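Numbering (the numbering used here), first residue to last: 232 to 320.
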């Protein structure tokens, strides 16, 4: 009988301890989830920046290739004009 009474007195204390521990664990998991979401957002942002950088480099590369083609065309045209000029002399 005394054991039962002691158990009944301790039950609210034990349940309160379990609830407090569960609340602490829940808060830690919420913090962990927020940290994971933040890291995921940072990773996505980093990937987006990397993608935009490669896109920029690709565009600049293509522009440079077009510029080189145009310069080669102009050199060829100059050479042809020089050749034509020498032929006429």
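Glycine included, C-beta positions come from ideal geometry on N, C-alpha and C. None of the values given here were measured: they were computed from a predicted structure.
Start and end residues, alpha helix (DSSP H) containing residue i
i, result
"residue 312", "233 to 319"
Own chain residues within Cβ distance below 6 Å of residue i, not counting five before or after
i, result
"residue 273", "none"
Residues of its chain near residue i, where Cβ-Cβ distance is below 7 Å and the 5 sequence neighbours each way are ignored
i, result
"residue 317", "none"
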